[in-house]
Amino acid sequence: MKILVCISNVPDTTTKIKLTADKTAIDLANVQWIINPWDELALTRALELKEASAGKITKVSVISVGNQSAEPTIRKALAIGADDAFRVNAEAKDAYFAAFQIAEAVKTEAYDIILCGIESSDYNGSAFGGMLAEFMDHPSVSSVSNFEFAGEVVKVNREIPGGYEVVEPALPFVAIVQKGIAKEPRIPSMRGIMMARQKPLKVVEAAPAEAMTEFVAFEPPQPKAACKMVDPANVAELVELLHKEAKII
Amino acid sequence: MSVLIYTENFDGKFKKTTFETVSYGAEIAHQMGTTAIALSLGSVADNELLTLGNYGASKVLKVNDARFSNLDNQAFAAVIAQAVEKEGANVVIMSGSNIAKAVAPRVSVKLKAGLVFAVSGLPKNLSPFTVPKKVFHGKAFADVVIKSPVKIISLAQNSFGVKENRQTAVIEAFDAKIDDAAFKTKVTSVEKSTGKIILTDAEIIVSGGRGMKSADNWKPLEELAGILGAATACSRPVSDEGWRPHSEHVGQTGKIIAPNLYIACGISGAIQHLAGVSSSKVIVAINSDKEAPIFSAADYGIIGDAQKVLPELIGAFKKFKAEN
Ligand SMILES: Cc1cc2nc3c(=O)[nH]c(=O)nc-3n(C[C@H](O)[C@H](O)[C@H](O)COP(=O)(O)OP(=O)(O)OC[C@H]3O[C@@H](n4cnc5c(N)ncnc54)[C@H](O)[C@@H]3O)c2cc1C
Ligand SMILES: Nc1ncnc2c1ncn2[C@@H]1O[C@H](COP(=O)(O)O)[C@@H](O)[C@H]1O
Chain L
483 MKILVCISNV PDTTTKIKLT ADKTAIDLAN VQWIINPWDE LALTRALELK
533 EASAGKITKV SVISVGNQSA EPTIRKALAI GADDAFRVNA EAKDAYFAAF
583 QIAEAVKTEA YDIILCGIES SDYNGSAFGG MLAEFMDHPS VSSVSNFEFA
633 GEVVKVNREI PGGYEVVEPA LPFVAIVQKG IAKEPRIPSM RGIMMARQKP
683 LKVVEAAPAE AMTEFVAFEP PQPKAACKMV DPANVAELVE LLHKEAKII
Chain E
1259 MSVLIYTENF DGKFKKTTFE TVSYGAEIAH QMGTTAIALS LGSVADNELL
1309 TLGNYGASKV LKVNDARFSN LDNQAFAAVI AQAVEKEGAN VVIMSGSNIA
1359 KAVAPRVSVK LKAGLVFAVS GLPKNLSPFT VPKKVFHGKA FADVVIKSPV
1409 KIISLAQNSF GVKENRQTAV IEAFDAKIDD AAFKTKVTSV EKSTGKIILT
1459 DAEIIVSGGR GMKSADNWKP LEELAGILGA ATACSRPVSD EGWRPHSEHV
1509 GQTGKIIAPN LYIACGISGA IQHLAGVSSS KVIVAINSDK EAPIFSAADY
1559 GIIGDAQKVL PELIGAFKKF KAEN
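This is how it looks when you write it as structure tokens:
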């Protein structure tokens, strides 16, 4: 059995967002790049499953659509413990384009389980995993907060309002994961970093495809009015403000 | 030409977010000079379906088929795509919920239709079709053009509001073509708490951070939530410590919420926390450190010890509730 984890290369979550002068793009100079946090957790869980599988899971691969500058992020995934990696050599114009590329790149590889994150922390698209599943004609389960094997059967928890459902998908399938999937992301060890240099990273050329959407302009958020301070000795004033000024109670 | 709105039901009932989605779709239909058609999958009674007319749907397509009482992403997407084709819809509207996240991307591929998730308002332009959206969890706003003939928009919760727009909706049974083999995921059990206000539904949320100091100190916070009819939430370290359940964790790696009122007690306001709460209409912060970054995100602030301020607030809100 083989697992594929789709990883997106995103600016560090604490990055200050600056726009280019013409406001048509985010200024990416001096940005630190990381593995999208959900993908790091997905990879961690994939490795845990492999280790617990007594040899049944033979390989955990990672794949990313991106140009050469995404390679340090992919190498980091290898350092964390992925066995091999693919990079589709193209700028990921949108989720539709990226999902199409990955479906093309792995269609002959027969992965049994594909893991994606529920959202990229940059463009907050929440689109990729479902699109990939549809391109591959695989079932998918989204909002997955737990992933286990019960013998041959895969059991995942899917979050629903107020709780969760246990879902058994037919394999191969795509799991779109969120909080809970793994506790803490694994951190690469020194040995992992050394070994990552030798692990295979295959570059695949992009297939012809179009993007369906395009980001054309950006704006910073409206500056927020200064916070109104209320004296802790007179909290009734806060209630009054929420009632009369903000009109929300 | 038409606008098709996929309406989610929860055990046969619609919620505020469904009505918001319909209100939004009806407004876009109005802008385009066309009609708004709602689509409902699963068992929903006709009198419930008719309520969609109150928010501008002139037709409700129902697929009254018990197989749709459990979500199967692939089967749901197939039927939604069939309905879009049958109605010749060129705009498809969904909510911003987990169900939309599960289904909308698949519909997008089926119809070769561009999808923008968590749109924050009406289209800025119909040609080219341009919608606004938050990116980087609210650190910037973007205009996104959808280039395909059919467009799919998911609306971010609480960004349009429920707007009445009474139409007499006609209900039409839609005979979707889908065989049992299309359902490839099986729900084997459900764990659900009842009676509690669900975080993503709540109008008011009272939340605590590490500044609450221990799990025992949550009593006044829960009491305040009770008085306000609010749900309770927490920052990530609080759920990591096990002081509160993981389902309460809000922020970039927890739940993204957009209530009318968010009361943050002993929360510093880290960027990853704000990513999940900054869409709240009004934020109140209680923090002992006047330099805490939460105050730059808040509308109202109290500098003080949450242990002392909370009982005072409980008293003041009780008094208010008694008088109003
Ligand atoms: C990739 C990543 C993702 C993350 N995702 C999330 C997320 O989704 N959600 C999230 O919340 N965090 C997240 N974090 C963690 C985040 O960076 C902060 O560490 C966290 O939000 C801090 O929680 P806090 O405000 O409760 O605690 P602290 O930062 O410790 O703040 C406690 C606050 O309480 C105040 N205080 C202390 N005593 C009192 C008192 N008696 N009365 C009143 N106030 C008092 C202090 O002044 C302080 O401001 C993430 C971090 C990373 C790296
Ligand atoms: N360029 C990419 N390469 C590989 N996987 C990606 C890429 N973009 C998004 N993903 C996957 O899709 C998830 C998020 O979806 P989205 O928010 O639609 O970008 C991420 O967590 C990744 O698993």
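Those protein sequence lines, which keep their order, are chains L and E. Start counting the first sequence at 483; every next residue gets the next number (this note's numbering). Start counting the second sequence at 1259; every next residue gets the next number (this note's numbering). Every residue gets a Cβ at the ideal spot worked out from N, C-alpha and C, and that includes glycine. Computed from a predicted structure; not experimentally measured.
Residue interval of the alpha helix (DSSP H) (run including residue i)
| i | result |
| --- | --- |
| N1356(E) | 1356-1369 |
| R673(L) | 672-678 |
| D455(L) | Within the shown structure, residues of chain L are numbered from 483 to 731, placing residue 455(L) beyond reach of any answer. |
| N1305(E) | 1304-1308 |
| F579(L) | 577-587 |
| R1601(E) | Residue 1601(E) cannot be examined here, being either before or after the span of chain E that is shown, 1259 to 1582. |
| F1277(E) | 1274-1290 |
Ligand 2 heavy atom lying under 7 Å from the CB of residue i
| i | result |
| --- | --- |
| F610(L) | yes |
| A580(L) | yes |
| I516(L) | no |
| A1360(E) | no |
| D1438(E) | no |
| D521(L) | yes |
| G548(L) | yes |
| E1480(E) | no |
| C709(L) | no |
Among the options, the one whose alpha carbon lies nearest that of residue i
| i | options | result |
| --- | --- | --- |
| K541(L) | V659(L), E666(L), I595(L) | I595(L) |
| L1319(E) | D1438(E), Q1332(E), V1337(E), N1331(E) | V1337(E) |
| V686(L) | V513(L), I600(L), Q583(L), I730(L) | Q583(L) |
| F1277(E) | I1286(E), E1266(E), A1287(E) | E1266(E) |
| R557(L) | H725(L), N628(L), A567(L) | A567(L) |
| L523(L) | E719(L), V626(L), L653(L), E586(L) | V626(L) |
| K538(L) | T502(L), A615(L), A691(L), K484(L) | K484(L) |
| A1460(E) | S1316(E), G1527(E), P1503(E), K1513(E) | K1513(E) |
| S622(L) | I1357(E), A1483(E), K1344(E) | I1357(E) |
| F700(L) | A1580(E), V1393(E), S1366(E) | V1393(E) |
| V492(L) | K532(L), S543(L), A534(L), E553(L) | E553(L) |
| N1475(E) | A1440(E), D1438(E), W1501(E), L1307(E) | W1501(E) |
| K1391(E) | V1535(E), V1374(E), I1404(E) | V1374(E) |
Host beta strand (DSSP E) of residue i (start-end)
| i | result |
| --- | --- |
| V1403(E) | 1398-1404 |
| I516(L) | 515-517 |
| K1334(E) | Strictly speaking, residue 1334(E) in this sequence is Phe, with Lys absent from that position. First-last for F1334(E): 1331-1345, but that is the alpha helix (DSSP H), not the beta strand (DSSP E). |
Under the three-state DSSP convention, the category residue i falls into
| i | result |
| --- | --- |
| A718(L) | helix |
| T555(L) | helix |
| F1387(E) | strand |
| T496(L) | coil |
| I730(L) | coil |
| P651(L) | strand |
| M1352(E) | strand |
| F1418(E) | coil |
| L1479(E) | helix |
| E701(L) | strand |
| Y1313(E) | helix |
| R527(L) | helix |
| G599(L) | strand |
| S535(L) | coil |
| L510(L) | coil |
| K1450(E) | strand |
| R640(L) | strand |
Residue i Cβ short of 7 Å to ligand 1 heavy atom set
| i | result |
| --- | --- |
| T1511(E) | yes |
| G1487(E) | no |
| T495(L) | yes |
| A1564(E) | yes |
| P654(L) | no |
| P651(L) | no |
| V1496(E) | yes |
| H1288(E) | no |
| D713(L) | no |
| D604(L) | no |
| S1526(E) | yes |
| A1414(E) | no |
Closer than 7 Å: residue i CB and nearest ligand 3 heavy atom
| i | result |
| --- | --- |
| Q1530(E) | With respect to ligand 3, the structure shown offers nothing to examine, as its ligands consist of ligand 1 and ligand 2. |
Members of the stretch 1393-1412 of chain E that neighbour chain L once the beta carbon cut-off is set at 7 Å
Cβ contacts with chain L come from V1393, F1394, H1395, G1396, K1397, A1398, F1399, A1400, D1401, V1402, V1403, I1404, K1405, S1406.
Contact list for the stretch 590-623 of chain L against chain E, Cβ threshold 9 Å:
Cβ contacts with chain E come from I600, E601, S603, D604, Y605, N606, G607, S608, A609, F610, G611, G612, M613, L614, A615, E616, F617, D619, H620, P621, S622, V623.
Could you run through the stretch 546-572 of chain L and flag, in chain order, every residue whose CB is less than 7 Å away from some CB of chain E?
For the stretch 546-572 of chain L, the beta-carbon criterion of a distance under 7 Å to any beta-carbon of chain E is satisfied by none of its residues.
For the stretch 642-662 of chain L, list every residue whose C-beta sits within 8 Å of some C-beta in chain E, in sequence order.
Interface annotation for the stretch 642-662 of chain L against chain E: I642, P643, G644, G645, Y646, E647, V648, V649, E650, P651, A652, F655, I658, K661, G662, criterion Cβ-Cβ distance under 8 Å.
Would you list, in chain order, the members of the stretch 684-703 of chain L that have their beta-carbon closer than 9 Å to a beta-carbon of chain E?
Result list: E692, A693, M694, T695, E696, F697, V698, A699, F700, E701, P702, P703.
So if I threshold CB-CB distances at 9 Å, which residues from the stretch 507-520 of chain L count as touching chain E?
So the close ones are I508, P519, W520.
The stretch 1344-1366 of chain E: positions lying closer than 9 Å to chain L by Cβ
The stretch 1344-1366 of chain E vs chain L, Cβ under 9 Å: G1354, S1355, N1356, I1357, A1358, K1359, A1360, V1361, A1362, P1363, R1364, V1365, S1366.
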